[in-house]
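Colleague: Have a look at this one before I ask anything.
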Amino acid sequence: MMVQRPGGRILLCVAGGIAAYKAPELVRQLVKAGYEVRVVATEAALRFVSELSLSVVSGHAVRWQLLDPQAEGQVGHIELADWAQLVVVAPATANLLAHASLGLAPDLVSTVLLATRAPMLWAPAMNTNMWRHPAVIEHVATLRERGHHFVGPASGELACGWEGEGKMSDPADIVAAVGERLGGRKQASAWRSKRLVISAGPTRTYLDPVRFVSNASTGVMGFALATAFAERGAHVTLVSGPVALGTPEGVERVDVQTADEMHGALERSLQDHPTDLVCMVAAVSDLRISSASTTKLSKQDFIASLGTLPWTAERDVVASLARRFRPATRFLAFAAETAEGEGPAAEATLDRAARRKLAAKGADAIFVNRVGTSRTGMGVPTNAGTLLVRSAQSAENDDDAVAVAHSGPPIPKRELADWIADTLEAQWFEPR
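Numbering (the working numbering), first residue to last: 521 to 952.
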């Protein structure tokens with residue numbers, strides 16, 4: 521009788537390092553924890569661990585040949601990539617980290633890593649000097665910026681006889697990390713079954729049918745936040761401006777172009793469903809044109825019209841919706857600010873801006889996103905800032921009831937999204 525595995529679908533990629541001998545035990549523990557596991561291995565990995573042992577403990581044939589006529593007749597590497605809910609790479613060698621970082625695909629494992637849209641968890645294993653090599657550090661940083669997660673390496677006695685960092689994490693620790701990524705957060709999080717609406721990306725103010733004014737928002741922060749809340753079991757509707765990003769798993773998406781369309785989509789969602797939290801991450805246009813041209817202007821007419829365009833102020837979407845739907849619905853606003861210098865002085869500048877905008881928008885929380893640096897803001901993979909959160913009982917003008925949290929140095933936006941979700945949960949839901 522086939523046993524149903526309720527935990528999720530794990531694709532384990534085994535690379536060619538001595539730590540590959542731990543792979544059967546890792547598979548055994550994953551299966552025991554309720555996951556369905558399939559194994560893809562490099563040819564080198566099968567010199568350290570037998571194909572038969574991996575097949576027996578997983579209950580599935582091990583795949584390792586990219587040019588396998590039988591499997592690839594069904595485009596097998598894409599089938600594997602699409603099947604996985606989580607890809608675990610253990611052990612992850614320096615060679616495979618480089619392939620994934622650079623987009624190289626010489627074998628089945630690296631090809632699957634390029635093809636999958638599933639989240640990835642890496643368990644590195646290598647010599648201490650290799651782990652600390654600048655090239656490896658750079659590849660790991662690149663993968664982290666893309667939203668990949670890492671467990672380990674641990675410190676201890678290595679196969680080469682050295683003592684130090686580079687040992688693959690114990691299978692039990694890897695299983696725990698898998699649980700955090702697949703369902704562990706859902707069951708434990710206070711966001712489970714909450715309903716959220718999140719806006720992301722830019723909006724466009726059209727001057728004629730082909731010309732528009734917009735901003736540099738890529739939508740990455742908003743999409744990361746949608747992913748973080750969905751992982752915690754929330755029902756998430758994502759209202760997105762024009763961006764080149766795939767829809768996060770388990771998220772309902774509504775695409776818009778203009779500020780009016782975004783306001784309308786958010787308003788309809790709030791009217792249709794009782795909503796616990798609105799996260800206004802989108803960079804909405806500040807200005808609108810009262811009468812844009814309905815036909816494409818010639819270059820000469822367009823240039824001549826620039827000084828006479830009928831600009832008017834765009835409404836503040838956060839303030840407008842918050843006035844209507846608070847306090848039943850909480851609102852998290854986002855704001856972009858510059859700050860001179862680093863450290864406490866910059867944080868104080870962001871704090872002042874955050875308090876001013878929190879009051880002006882009538883929101884329950886605000887994240888002031890630092891812009892104007894090479895590692896924060898729009899168009900970069902990392903971010904940092906200050907989060908102000910009103911307590912459930914605080915009055916609108918009660919500064920003492922506002923909690924202040926700094927995210928610290930720039931981190932990948934996907935990790936920052938986790939931090940924001942967890943910080944809000946701690947402030948609003950955990951017993952104090």
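In this text, a Cβ means the ideal position worked out from N, Cα and C, and glycines have one as well.
All values reported here derive from a predicted model rather than from experimental measurement.
Excluding the 5 residues preceding and the 5 following Cys533 in the sequence, name in chain order all residues of the same chain whose CB lies nearer than 6 Å to its CB.
Modeller: Within the same chain, Cys533 has close Cβ partners Val560, Val609, Val629.
Colleague: Would you please state the rounded distance, in angstroms, between the beta carbons of Ala750 and Val756? I believe it to be under 8 Å.
Modeller: Sure, about 5 Å apart at Cβ, within 8 Å.
Colleague: Would Ala543 and Ala565 be called neighbours here (beta carbons separated by less than 9 Å)?
Modeller: Their beta carbons are under 9 Å apart, which means Ala543 touches Ala565 by this criterion.
Colleague: With three or more C-beta pairs closer than 8 Å as the rule, is the segment 810-817 touching the segment 865-880?
Modeller: Judged by Cβ distances under 8 Å, the segment 865-880 makes no contact with the segment 810-817, as fewer than three pairs qualify.
Colleague: Under a Cβ-count criterion, where at least 16 other Cβ atoms within 10 Å of its own Cβ denotes burial, should Val595 be classed as buried or exposed?
Modeller: Interpretation of Val595 is limited by its pLDDT of 47, a score under 50 that renders its predicted location unreliable; no figure is taken from the coordinates.
Colleague: If contacts are defined as beta-carbon pairs under 8 Å, then Pro794 and Gln777 qualify, I think. What distance do you get, rounded to the angstrom?
Modeller: That pair is no contact at about 28 Å.
Colleague: Going by DSSP, name the residue or residues bridged to Ala803.
Modeller: BP columns for Ala803 point to Pro722.
Colleague: Thinking C-alpha only, which one of Thr896, Lys687, Glu867, Ile538 is nearest Leu908?
Modeller: Checked all of Thr896, Lys687, Glu867, Ile538; the closest Cα to Leu908 is Glu867.
Colleague: Just verifying my parser: in three-state terms, what is the DSSP assignment at Ser630?
Modeller: In the structure shown, Ser630 sits in a helix (DSSP, three-state: H, G or I).
Colleague: Would you call the CB atoms of Trp948 and Ser911 closer than 9 Å?
Modeller: Contact flag set, yes.
Colleague: What residue from Pro639, Ala655, Phe822 has the CA that sits closest to Pro729's CA?
Modeller: Here the closest residue by C-alpha is Phe822.
Colleague: Report the residue ranges of all beta strand (DSSP E) runs contained in full by the segment 523-593; include only those spanning at least 3 residues, in chain order.
Modeller: Within the segment 523-593, the complete beta strand (DSSP E) runs of at least 3 residues are 528-534, 555-561.
Colleague: Is it the case that the segment 822-840 contacts the segment 741-748, given that we only count it when at least three CB pairs across the two stretches are under 8 Å?
Modeller: Because the criterion of three Cβ pairs below 8 Å is not met, the segment 741-748 and the segment 822-840 do not touch.
Colleague: Taking the beta carbon of Lys933 as the centre, do at least 16 other beta carbons fall within 10 Å, making it buried, or is it exposed?
Modeller: Its Cβ being crowded by 16 or more others within 10 Å, Lys933 is buried.
Colleague: Could you spell out where the beta strand (DSSP E) holding Phe887 opens and where it closes?
Modeller: That run of the beta strand (DSSP E) goes 885-890.
Colleague: Work out the CA separation of His926 and Leu616 for me, nearest whole Å.
Modeller: When rounded, the distance between both Cα atoms is 35 Å.
Colleague: Going by other Cβ atoms of all chains shown within 10 Å of its Cβ, with 16 needed for buried, is Gln549 buried or exposed?
Modeller: It is buried - the Cβ of Gln549 has at least 16 other Cβ atoms within 10 Å.
Colleague: So Pro644 is in the beta strand (DSSP E); what residue range does that whole segment cover?
Modeller: Counting along the chain, the beta strand (DSSP E) containing Pro644 begins and ends at 640-644.
Colleague: List the endpoints of the continuous alpha helix (DSSP H) containing His619.
Modeller: Run containing His619: 614-622, per the alpha helix (DSSP H) assignment.
Colleague: Going straight from the alpha carbon of Ser737 to that of Gly899, what length do you get?
Modeller: Taking the straight line joining both Cα atoms gives about 6 Å.
Colleague: Cα separation between Pro673 and Gly686?
Modeller: If I take the Cα positions, the gap works out to 5 Å.
Colleague: Among all the DSSP beta bridges, which residues are the ones paired with Ser760?
Modeller: Answer by DSSP bridge pairing, in chain order: Ala720, Asp775.
Colleague: Taking 7 Å as the limit between beta carbons, can you name the residues of its chain near Val582, skipping five residues before and five after?
Modeller: If we look at Val582 and ignore the five residues flanking it on each side, its Cβ neighbours are Val559, Ala561, Glu571, Leu574, Ser575.
Colleague: Going by the beta-carbon positions, is the gap between Ala779 and Glu834 smaller than 9 Å?
Modeller: Result yes, Cβ atoms of Ala779 and Glu834 sit closer than 9 Å.
Colleague: Tell me the rounded alpha-carbon separation between His580 and Val551.
Modeller: Going from the Cα of His580 to the Cα of Val551 covers about 12 Å.
Colleague: Quick check on Ile940: buried or exposed, where buried means 16 or more other Cβ atoms within 10 Å of its Cβ?
Modeller: Per the 10 Å Cβ criterion, buried.
Colleague: Decide if Ala832 is buried, meaning its Cβ has at least 16 other Cβ atoms within 10 Å, or exposed.
Modeller: Ala is not the amino acid found at residue 832; the sequence shown has Thr there. Under this definition Thr832 is an exposed residue.
Colleague: Hey, out of Val740, Ala625, Met782, whose CA is closest to Leu765's CA?
Modeller: Nearest of Val740, Ala625, Met782 to Leu765, Cα basis: Val740.
Colleague: For Pro611, which option in Glu545, Trp603, Ala655, Glu599 has the closest C-alpha, if you only look at C-alpha atoms?
Modeller: When only C-alpha atoms are compared, the closest one is Glu545.
Colleague: Check whether the Cβ atoms of Asp904 and Leu936 sit closer than 9 Å, and answer yes or no.
Modeller: In the sequence on display, residue 904 carries Ala and not Asp. Yes, these two residues count as a Cβ contact at 9 Å.
Colleague: In this structure, does DSSP put Lys933 in helix, strand or coil?
Modeller: Residue state, collapsed to three classes: helix.
Colleague: Which stretch, first to last residue, makes up the beta strand (DSSP E) that contains Ser675?
Modeller: Residues 674-677.
Colleague: What span of residues does the alpha helix (DSSP H) with Arg731 cover, start to end?
Modeller: Taken as a continuous stretch (DSSP letters only), Arg731 belongs to no alpha helix (DSSP H), as it is neither H nor E.
Colleague: So the beta strand (DSSP E) Val909 belongs to, where does it begin and stop?
Modeller: First-last of the beta strand (DSSP E) with Val909: 905-910.
Colleague: Give me the Cα-Cα distance between Ala754 and Leu817, rounded to the nearest whole angstrom.
Modeller: Each residue's alpha carbon lies about 46 Å from the other.
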